[in-house]
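A short write-up of the structure that comes next.
Protein chains: 2
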Amino acid sequence: MKLATLKDGSRDGQLAVVSRDLSTAHFATGIATTLQQVLDDWNFRSPPLEDLYATLNGGKARHAFAFDPRHCMAPLPRAFQWADGSAYLNHVELVRKARNAEMPASFYDDPLMYQGGSDDFIGPCDDAVFGSTDWGIDFESELAVITGDVPMGASPEAALDGVRLLMLVNDWSLRHLIPAELAKGFGFLQGKPATAFGPVAVTPDELGPAWKGGRVHLKVESRWNGRRVGLCNAGPEMLFHFGQLVAHVAKTRNVRAGSVVGSGTISNQDRACGVSCIAELRAIETLHSGAPQTPFMQFGDTIRIEMLDDSGASVFGAIEQRVRALHASADADPPAQDRPLEAAADPDAASAP
Amino acid sequence: MKLATLKDGSRDGQLAVVSRDLSTAHFATGIATTLQQVLDDWNFRSPPLEDLYATLNGGKARHAFAFDPRHCMAPLPRAFQWADGSAYLNHVELVRKARNAEMPASFYDDPLMYQGGSDDFIGPCDDAVFGSTDWGIDFESELAVITGDVPMGASPEAALDGVRLLMLVNDWSLRHLIPAELAKGFGFLQGKPATAFGPVAVTPDELGPAWKGGRVHLKVESRWNGRRVGLCNAGPEMLFHFGQLVAHVAKTRNVRAGSVVGSGTISNQDRACGVSCIAELRAIETLHSGAPQTPFMQFGDTIRIEMLDDSGASVFGAIEQRVRALHASADADPPAQDRPLEAAADPDAASAP
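Protein sequence lines, in the order shown, are assigned to chains A and B.
When you line the first sequence up against the numbering used here, it's residues 8 to 360, in that order.
When you line the second sequence up against the numbering used here, it's residues 8 to 360, in that order.
Rendered as structure tokens:
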């Protein structure tokens, strides 16, 4: 099934079931108010949601309405854990080359993973707001799972059984803040701002045969300012599967329901696939010509991230975000729709009483 | 006021107001069920809690009951953010010396901070469960604040205004896992297992004049297996105050209500104050005699952490934990109270029908 959280002015939003083709939705009223409630009590609450999903797909749900991703929050608008792996060798190699950092010796048998902030996840069509373009604003297209309870010491297989839902992720990164931050030795904090998620979270069965060995064997398309920069397959080159990533978190502690564990930026060795972040593009440019040519993102830039299945249908819906300045003064003129109302008002109005 | 979360079998527990002297408690029924609800809506829900607190302290609360810290979960049993600073110079110097790591050049003007897991906080008297003593089990006595909403880019002063509550923390660390983990460059994950918190969270006004300049000018006592190993003042040597630590998190993102931000291990330059973790003790031993003498914690060990005010009263109640093996076979005989019931039963009972 596919689940979304719709904006209703509250911090956790309103849970809705969304049809497989993403055309219609139905509030989960009477079953659960929020997605965390479902995750807390999955065996009890997911079966009636599956029933509602079947009814909705059959066109028989009485209070269905048109689904609009612009009304979505992140499926989990805030989570109790966000741990993001970096499971694609090609990405790690390229990005480390770009900042003159070593490959960790343990890379092939010990997942690389950071702990991120999960108190303020943002929706698929929310603006991404930053204080300065000097921070080196970059998108990162990736996938994540939401887990149920996974006990300390769980095997990768048991951890994989704990996967409840999958999501599409834009793991925003601030490339110019990262080197100094990582040099301090304690990992990311300011270099990883609020993360955005695709409109719907989906159960693994929605992926059919594309969900295999704990990996998603489908392509993620990344379009920067309308131009396709990447079409990367998330499956074959994921060095550690999601069960291994979750088990890595669970080695020394219990992983509780609603934990979000990410794959890291999807990346393919074949250069024809393009990239899922700008840092990789700049690393490739540096390898070819000695210096990066492509600047990071500017205020007003857009990013669109989407995964299509083999029939061409969107699995999660699209992430479609615009980069916006925190303070209007941090930039040149903001786009028209962001201007203060006074500036857009009729000049004659100034003389009105 | 002082607030606790009592075990009721649910994931978020039951919110209670606790008297200033920690002798009695009263459920917050009718005001809020959980602490997160209060934090989400502080201006609306905290005044009636303050009223109940005054009534309870006056001995007039009709349904008061004896407060027992053993029934406590962490005040926030799970949180949407846990970012832990390392604001005591002496601790950072000693621990880095002990693992042959450099002091970060930016230490004096850029807080050192890691992002931790917050999906499974543990209560003040819960066992601390680990897979192996080979992991290098260590306690860390420290303080933390719980924030309200603090917007991106907030000043340290504005961030300090966002502090709602303070807590006592045992930030368990697995010292033998940390060097290899930090060498990978992405910070802590397996090296920082589930964190424990003192019985009650308190509003800053409870500290009176000891809450000054965003720091708590009181001493934290640490007793390992009953022996006092540290009595360290949390105030004067905290290089960054809590407002600066919260503002550090808020530089590139919004900090949302219920975020927990820690001080790092409390540490004083004066050796007579002792230590708030074993790693410091081992570092001092190494400096004196070339090698550490004191081993890290063993299964069955206990740790007691408490902060007293100038009148000798406990501010947060005590953290009192026992270290326990995840698998019974990982250790020798467990302590009597952990043995299965059969082993403790009357031998004569075996012949009963």
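Every residue, glycine too, gets a C-beta built ideally from N, C-alpha and C.
Next item on the list: Look at the Cβ atom of A:Arg303, then the Cβ atom of A:Ala332, and state whether they are nearer than 8 Å.
Entry: This sequence places Phe at residue 303 of chain A; Arg is not what is there. No, these two residues do not count as a Cβ contact at 8 Å.
Checklist line | Neighbourhood of B:Arg77 by C-beta, 6 Å cutoff - its chain only, sequence neighbours within 5 removed | finding: Cys132
Check: Quick one: what's got a C-beta closer than 6 Å to B:Ala339's C-beta in the same chain, skipping five residues either side?
Finding: Because the pLDDT of B:Ala339 is 48, which lies under 50, any placement of that residue in the model is unreliable, and the question is left without a value.
Margin query: Quick check on this structure: which residue in B:Ile185, B:Met314, B:Asn232 has the alpha carbon closest to the alpha carbon of B:Val330?
Written below: Of B:Ile185, B:Met314, B:Asn232, the smallest CA-CA separation from B:Val330 is found for B:Asn232.
Checklist line | Contact residues within the region 236-266 of chain A, judged by C-beta distance below 9 Å to chain B | finding: Hits within the stretch, in order: His255, Val256, Lys258, Thr259, Arg260, Asn261, Val262, Arg263, Ala264, Gly265, Ser266.
Notebook entry, point to check: Alpha carbon to alpha carbon, what distance is there between A:Phe87 and A:Pro55?
Noted result: 25 Å
Notebook entry, point to check: Under a CB-based cut-off of 8 Å, is A:Gly16 close to chain B?
Noted result: no
Next item on the list: Below 8 Å on the Cβ atoms is my guess for A:Ala23 versus A:Ala11; work out the distance and round it to an integer in Å.
Entry: 5 Å
Item checked: Amino acids of chain A, ordered along the chain, whose beta-carbon sits closer than 9 Å to that of B:Arg85 -> Phe87, Gln88, Arg263, Gly265
Margin query: Quick check: the region 239-258 of chain A against the region 317-328 of chain A, are at least 3 beta-carbon pairs closer than 8 Å?
Written below: Cβ pair count under 8 Å is below three, so no.
Check: Around the Cβ of B:Val25, are there at least 16 other Cβ atoms within 10 angstroms (buried) or fewer (exposed)?
Finding: It counts as buried.
Item checked: Cα-Cα separation, B:Ser93 to A:Ala94 -> 29 Å
Next item on the list: Taking the CB atoms as reference points, tell me whether A:Leu150 and A:Thr210 lie closer together than 8 Å.
Entry: Not in contact: A:Leu150 and A:Thr210 (Cβ atoms no closer than 8 Å).
Next item on the list: Measure the beta-carbon distance from A:Ala257 to A:Ala166 and round it to whole angstroms, keeping in mind my assumption that it falls under 8 Å.
Entry: 6 Å
Notebook entry, point to check: In this structure, what does DSSP give as the bridge partners for A:Asn177?
Noted result: In DSSP, A:Asn177 forms a bridge with A:Ser148, A:Ala203.
Notebook entry, point to check: Does the beta carbon of B:Phe306 come closer than 8 Å to any beta carbon on chain A?
Noted result: no
Next item on the list: Show which residues of chain A have a CB atom less than 7 Å away from the CB atom of B:Pro200.
Entry: Thr259, Arg260
Notebook entry, point to check: So, does the CB of B:Tyr121 fall closer than 8 Å to a CB anywhere in chain A?
Noted result: yes
Next item on the list: List the residues of chain B whose Cβ lies closer than 8 Å to the Cβ of A:Ala39, in chain order.
Entry: None at all; the shortest Cβ gap to chain B is about 14 Å.
Checklist line | Three-state class that DSSP yields for A:Thr31 in the structure shown | finding: strand
Check: Excluding the five sequence neighbours on either side, which residues of its own chain have a C-beta within less than 8 Å of the C-beta of A:Arg52, listed in chain order?
Finding: Contacts found: Ile38, Ala39, Gln44, Val45.
Note to self: Which residue marks the beginning of the beta strand (DSSP E) containing A:Gly237, and which one marks its end?
What the structure shows: 234-240
Notebook entry, point to check: Mapping DSSP to helix, strand and coil, what is A:Cys79?
Noted result: Strand at A:Cys79.
Next item on the list: Ignore the nearest five residues each way along the sequence and tell me which others in A:Pro186's own chain have a CB closer than 7 Å to its CB.
Entry: Arg106
Margin query: Quick check on this structure: which residue in A:Gln328, A:Gly269, A:Cys284 has the alpha carbon closest to the alpha carbon of A:Leu175?
Written below: The residue with the shortest Cα to Cα distance from A:Leu175 is A:Gly269.
Check: Which stretch, first to last residue, makes up the beta strand (DSSP E) that contains A:Asp91?
Finding: Unbroken beta strand (DSSP E) run through A:Asp91: 88-92.
Notebook entry, point to check: Which word fits B:Gln276, buried or exposed, when buried means at least 16 other C-beta atoms lie within 10 angstroms of its C-beta?
Noted result: When all chains shown are included, B:Gln276 counts as exposed.
Next item on the list: Take the Cβ of B:Ala112 as the centre, count every other Cβ of all protein chains shown within 10 Å, and call the residue buried at 16 or more, exposed below.
Entry: exposed
Next item on the list: Name, please, each residue of chain B whose Cβ falls closer than 9 Å to the Cβ of A:Gln21.
Entry: Neighbours of A:Gln21 on chain B: none; closest Cβ ~16 Å, over 9 Å.
Notebook entry, point to check: Between A:Leu238 and A:Cys280, is the Cβ-Cβ spacing less than 8 Å?
Noted result: yes
Next item on the list: Step through the CB atoms of chain A and report whether any lies within less than 8 Å of the CB of B:Trp142.
Entry: Chain A, which has a Cβ nearer than 8 Å to the Cβ of B:Trp142, makes this yes.
Notebook entry, point to check: In chain A, which residues lie less than 8 Å from B:Pro111 when you measure between Cβ atoms?
Noted result: Ala190, Lys191, Gly192
Item checked: B:Trp142 vs B:Val267 beta-carbon contact at 8 Å -> The criterion of a C-beta distance shorter than 8 Å is not satisfied by B:Trp142 and B:Val267.
Margin query: So if DSSP puts A:Phe51 in a beta bridge, which residue, or which two residues, is it bridged to?
Written below: The partner list for A:Phe51 (beta bridge, DSSP) is empty, contrary to what the question assumes.
Next item on the list: Flag this pair as yes or no: are the beta carbons of B:Ser229 and B:Ser283 separated by less than 8 Å?
Entry: yes
Note to self: I want to see whether chain A comes within less than 8 Å of B:Gln44, judged by CB atoms only; does it?
What the structure shows: no
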